[in-house]
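Each residue of the sequence shown is one higher than the one before, starting from 1 at the first, in full-length UniProt numbering. Where is the CB? At the ideal position from N, CA and C, for every residue including glycine. Since the structure comes first, as structure tokens, the remarks are kept for the end.
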Amino acid sequence: MFLSSNFGLFLHSLSRFSSKPTIQFRSLSTLLASSSYSKRHRNVPPHLGRRITTTTTPMEVEVGFNKRRAEGRDNNDASKKNLHFKLRKLNPINTISYVQILGTGMDTQDTSPSVLLFFDRQRFIFNAGEGLQRFCTEHKIKLSKIDHIFLSRVCSETAGGLPGLLLTLAGIGDEGMSVNVWGPSDLKYLVDAMRSFIPSAAMVHTKSFGPNFSTDESAVLSQSKLLDPIVLIDDEVVKISAIIIQPNYFECKLPMPSNNPAHERIDHSPEALDSPNGKRQSAAKPGDMSVVYVCELPEIMGKFDPEKAKALGLKPGPKYRELQLGNSVKSDHQNIMVHPSDVMDPSLPGPIVLLVDLPTESHLETLLSVQSLTSYCGQVGNLPGVGKSVTCVIHLSPASVVSCSNYQKWMKKFGSAQHIMAGHAKKNVEIPILKSSAKYSTRLNYLCPQFFPAPGFWSLQNRSLASSEVSFSEFSEVISAENLLKFTLRPYSHLGLDRSCIPSTVVSSEIIDGLLSEIPEIVEAAQHVNQLWQQPSQRKEDLVPVSDYKMMVEEPWLCADGVPACLENIRRDDLEIVLLGTGSSQPSKYRNVSSIYINLFSKGGLLLDCGEGTLGQLKRRYGINGADDAVRALHCIWISHIHADHHTGLARILALRRDLLKGVRHEPLLVVGPRQLKRYLDAYQRLEDLNMLFLDCKHTTAASLDAFENSSLGTPVDSQDLNNNNNDKDAVSPILKKFKTVIHEAGLKSLISFPVIHCSQAFGVVLLAEERSNSVRKVIPGWKVVYSGDTRPCPELVEASQGATVLIHEATFEEGMVEEAIAKNHSTTNEAIEMGDSANAYRIILTHFSQRYPKIPVFDESHMHKTCVAFDMMSINIADLLILPKVLPYLKLLFRNEMVVDESDDVGDAMAPAS
Numbered sequence: 001m002f003l004s005s006n007f008g009l010f011l012h013s014l015s016r017f018s019s020k021p022t023i024q025f026r027s028l029s030t031l032l033a034s035s036s037y038s039k040r041h042r043n044v045p046p047h048l049g050r051r052i053t054t055t056t057t058p059m060e061v062e063v064g065f066n067k068r069r070a071e072g073r074d075n076n077d078a079s080k081k082n083l084h085f086k087l088r089k090l091n092p093i094n095t096i097s098y099v100q101i102l103g104t105g106m107d108t109q110d111t112s113p114s115v116l117l118f119f120d121r122q123r124f125i126f127n128a129g130e131g132l133q134r135f136c137t138e139h140k141i142k143l144s145k146i147d148h149i150f151l152s153r154v155c156s157e158t159a160g161g162l163p164g165l166l167l168t169l170a171g172i173g174d175e176g177m178s179v180n181v182w183g184p185s186d187l188k189y190l191v192d193a194m195r196s197f198i199p200s201a202a203m204v205h206t207k208s209f210g211p212n213f214s215t216d217e218s219a220v221l222s223q224s225k226l227l228d229p230i231v232l233i234d235d236e237v238v239k240i241s242a243i244i245i246q247p248n249y250f251e252c253k254l255p256m257p258s259n260n261p262a263h264e265r266i267d268h269s270p271e272a273l274d275s276p277n278g279k280r281q282s283a284a285k286p287g288d289m290s291v292v293y294v295c296e297l298p299e300i301m302g303k304f305d306p307e308k309a310k311a312l313g314l315k316p317g318p319k320y321r322e323l324q325l326g327n328s329v330k331s332d333h334q335n336i337m338v339h340p341s342d343v344m345d346p347s348l349p350g351p352i353v354l355l356v357d358l359p360t361e362s363h364l365e366t367l368l369s370v371q372s373l374t375s376y377c378g379q380v381g382n383l384p385g386v387g388k389s390v391t392c393v394i395h396l397s398p399a400s401v402v403s404c405s406n407y408q409k410w411m412k413k414f415g416s417a418q419h420i421m422a423g424h425a426k427k428n429v430e431i432p433i434l435k436s437s438a439k440y441s442t443r444l445n446y447l448c449p450q451f452f453p454a455p456g457f458w459s460l461q462n463r464s465l466a467s468s469e470v471s472f473s474e475f476s477e478v479i480s481a482e483n484l485l486k487f488t489l490r491p492y493s494h495l496g497l498d499r500s501c502i503p504s505t506v507v508s509s510e511i512i513d514g515l516l517s518e519i520p521e522i523v524e525a526a527q528h529v530n531q532l533w534q535q536p537s538q539r540k541e542d543l544v545p546v547s548d549y550k551m552m553v554e555e556p557w558l559c560a561d562g563v564p565a566c567l568e569n570i571r572r573d574d575l576e577i578v579l580l581g582t583g584s585s586q587p588s589k590y591r592n593v594s595s596i597y598i599n600l601f602s603k604g605g606l607l608l609d610c611g612e613g614t615l616g617q618l619k620r621r622y623g624i625n626g627a628d629d630a631v632r633a634l635h636c637i638w639i640s641h642i643h644a645d646h647h648t649g650l651a652r653i654l655a656l657r658r659d660l661l662k663g664v665r666h667e668p669l670l671v672v673g674p675r676q677l678k679r680y681l682d683a684y685q686r687l688e689d690l691n692m693l694f695l696d697c698k699h700t701t702a703a704s705l706d707a708f709e710n711s712s713l714g715t716p717v718d719s720q721d722l723n724n725n726n727n728d729k730d731a732v733s734p735i736l737k738k739f740k741t742v743i744h745e746a747g748l749k750s751l752i753s754f755p756v757i758h759c760s761q762a763f764g765v766v767l768l769a770e771e772r773s774n775s776v777r778k779v780i781p782g783w784k785v786v787y788s789g790d791t792r793p794c795p796e797l798v799e800a801s802q803g804a805t806v807l808i809h810e811a812t813f814e815e816g817m818v819e820e821a822i823a824k825n826h827s828t829t830n831e832a833i834e835m836g837d838s839a840n841a842y843r844i845i846l847t848h849f850s851q852r853y854p855k856i857p858v859f860d861e862s863h864m865h866k867t868c869v870a871f872d873m874m875s876i877n878i879a880d881l882l883i884l885p886k887v888l889p890y891l892k893l894l895f896r897n898e899m900v901v902d903e904s905d906d907v908g909d910a911m912a913p914a915s
């Protein structure tokens, strides 16, 4: 493997640190076999108690790592599990049943809301967009109770949260849990894509239905057999059927994706074809199918009347039970047969719920021709009572579709049914779905608005949103969905809407009032933080100490650092580092998974890692329009390694960019990542076009880029230097040229990847800005930002970080958890700081914290002289780096009452396979 071959390079590079500590690498098996190691490292290892400093006498520092994991040979337990599928004893007489809107994406409009169908002993979820796990954690919905997941479409909008969800379920308990995942036949494309990073055992219960798309170029699509209901589940509790809806396209050949990776194009996708009636029709493809789901509950038997039974000559006993079960019996005293209708009140029809998701008007044309749905419109023709009455219709279709007159005419067919419009309503943008995170961000904003700008949703105005809502004035039974809105199905006496679970609206002023009541000193602390920007060079004696809080007194070392030359006359519109996700493994209430937005302002931006929910975080930070602008202006997305918490938000970002740039001349977005990621993206692109250009991280290492430069200049070069034993020079060269152009357009001199120790093909990255000149033509060096990715301490990281302006380093575990860090090839907080000190980095930002630290991690204050702890939505302008470490003590005041707890509830260390 590529990374394995670099272990020799790691060890060889130690010779370069003649004036630095000597770092010895020992594998996990060796370290754990050593009794002296276990004794020395059970609590706090000796080398973590002091800072590594430059010295002429080499100092040995033992840094253990899990070699098998780093080489991709660990075969963790999750891949060996035979996941347990829950077989519950059903309760046909459910005392409680309802459908409920799970408002994922309602505030950010980045993903489709989910719908929960609840029974006493069964749970069904429709759609699993990004953020579903985090939503369930926030609202205490136990994932282990979910039996089935149904997808109304197979795309990033409806299924972006599925990979993380499957991994989470695979990690529950000792044996793991699994669910049935249902979707139209193109679900197989998503499953094939996920196999590149999810153990196959986690997907053993995926089930698709409907027509198969052939990969044969001459394959022809047909709608002739698509419109009949397909029964998926039919038991004593519920019957769930699917009706496949394809766009009303003329039968046509499947389009084949372009193999030219670097061409410029004008995107008018989907590809248009001429139909016999002269209209332009789009070519059908995987990902176009949507599904209408029909959920039918059994009828409710009427009440048994014992007086009628007695009058017909029946004795109390087993025959009463038979009649209640629907069976006829013979009278005990009369020569007659007694039928259930003789002794039972009339049965009540079972409630019926439709879930409708039509992404385009072309899908609507097909829906209007579905004859099988007419039987649910109350009556058929002139025969009253023949049809079934729909109780509730949940509309997931966008406003552009539901506003059509034909759609509203179709809605009227269902008479008095309750219609819930769950497509994106603009008014919901103002109401944060993740209230815990919103509260947390608002408190941080009060204390330090410079590093924690107000979240995008607080800045919205009611006036600008109301006019964009679709009007349903002709309907008396139409409402807009709200988060956690319920429609009760059982008991029958409560049939109808239930708003009792809808969260109360919280405004920022209420959150601040609560903060001032809880921590009165925060007012003075916020004043002190503001003074740091007014007079950043002042010393502690110039500040008024906060009453009764010794932590707030400034330490002398906070102003002792020299300012790097690259910060001379730095502009605020040069660089901003936005920490979108600072947690590890799986999303939590307070921290999303890994993602960093490098905001280069007028020069665009980059993403470093792109975990699930990255788009939602961008929209929470910048607002919906601001996030769209940021996505349009992206130059590159760089992915550190294949673990799910670092890349499963990628497809959603790429799909949005594709949609935003439709009809606009543009080029595919450059994605740089490990080669396993290409397998995932190639497979996924059969489902929906991501309009991206992939480059393997190994081609962006310093050695590979140097070899490419030499080759371009005509200098003889060993082909192995460029290709790392892959014969793909001709294919890679045009992409590398594109890469160089993109980096230059972003104002960067270089983007260089370097291997680190975590898993097979794990990388860190260096961003180096171009030099600039001041007013007297003095050349000022460009800033240098280094991101470690996930890693154990290693010499490649120290070398790459030499003289870094900012080192963003993972710090998954606290200092006393070295053994856990070694086992999973992560770093502790002290190890991360030591790496930055060894490299003489100016500022160190710690991130990627274990979710056992839900709000603030454990760290040793004595080592934080140039370090800060990252929080979600933290936005660090390069002009504020001098102040950065000074804010940390004030942040500790904000969280002084917080305890370290593991909030994962029934999930546990669920994402261990991917962390």
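- Under the DSSP assignment, Phe119 falls in the beta strand (DSSP E) whose first and last residues are Ser114 to Phe119.
- Following the DSSP letters along the chain, one finds Phe135 inside the alpha helix (DSSP H) bounded by residues Leu132 to Glu138.
- Annotated three-state conformation of Gln761 is coil, per DSSP.
- Membership of His363 in the alpha helix (DSSP H) is indicated by the continuous run Glu361 to Leu367.
- Distance between Ser838 and Leu670, taken at the CA atoms: about 33 Å.
- Residue state for Asn877 is assigned as strand, using DSSP reduced to three classes.
- Between Ala702 and Ser733, the alpha-carbon positions lie close to 15 Å from each other.
- Here the alpha carbon of Leu165 sits roughly 8 Å from the alpha carbon of Leu132.
- The count of Cβ pairs closer than 8 Å, one atom from the region 774-783 and one from the region 845-857, stays below three, leaving the stretches out of contact.
- Straight-line measurement puts the Cα of Ile653 at about 15 Å from the Cα of Arg621.
- Cβ contact annotation for Ser480 (same chain, cutoff 6 Å, sequence separation greater than five): Met421 and Ala425, in chain order.
- When beta bridges are read from the DSSP output, Gly581 appears opposite Ser595.
- Looking at the DSSP output, Cys377 sits in a beta bridge with Ser389.
- For Gln851, there is no enclosing beta strand (DSSP E), as DSSP marks it with neither H nor E.
- Selection Arg490, Lys486 and Val507 evaluated against Ser500 yields Lys486 as nearest (Cα-Cα).
- Counting of Cβ neighbours within 10 angstroms places Ile336 among the exposed residues, the total staying below 16.
- Taking C-beta atoms as the reference points, Pro340 and Leu364 fail to come closer than 9 Å.
- The region 613-632 and the region 135-150 do not touch, with fewer than 3 CB-CB distances between them shorter than 8 Å.
- In this structure, Gly764 lies near Ala800, with their beta-carbon atoms less than 9 Å apart.
- In this structure, the beta-carbon distance from Glu688 to Ser156 falls below 9 Å.
- Cα atoms of Lys866 and Tyr890: separation of roughly 15 Å, rounded to the nearest angstrom.
- Distance from the CA atom of Lys737 to the CA atom of Val766, rounded to whole angstroms, is 19 Å.
- Sorting Ser602, Gly583 and Gly562 by C-alpha distance to the C-alpha of Asp573 places Ser602 at the top.
- Three or more Cβ pairs drawn from the region 105-123 and the region 148-162 lie within less than 8 Å of each other, which places the two stretches in contact.
- DSSP, reduced to helix, strand and coil, places Cys697 within a helical segment of the structure shown.
- Around Val631, the same chain offers Leu615, Leu618, Ile653, Leu656, Arg657 and Leu660 as residues with beta carbons nearer than 8 Å, after the five sequence neighbours per side are excluded.
- Following the DSSP letters along the chain, one finds Asp629 in no beta strand (DSSP E) but inside the alpha helix (DSSP H) bounded by residues Thr614 to Arg632.
- Residue environment analysis places Pro674 among the buried positions, since at least 16 neighbouring C-beta atoms fall within 10 angstroms of its C-beta.
- CA-to-CA, the gap between Arg686 and Tyr189 works out to about 7 Å.
- In this structure, Ile243 places its C-beta atom within 9 Å of the C-beta atom of Leu227.
- Spatial neighbours of Phe859 in its own chain (CB-CB distance under 6 Å, excluding positions within 5 residues in sequence) are listed in chain order as Thr829.
- The three-state secondary structure of Pro184, taken from DSSP, is strand.
- DSSP, reduced to helix, strand and coil, places His148 within a strand of the structure shown.
- C-alpha of Ser493 to C-alpha of Met177: approximately 35 Å in a straight line.
- In the DSSP annotation of this structure, the continuous segment of the alpha helix (DSSP H) that includes Ile512 starts and ends at Ser508 to Glu518.
- Within 10 angstroms of the beta-carbon of Val231 lie fewer than 16 other beta-carbons, which makes it exposed.
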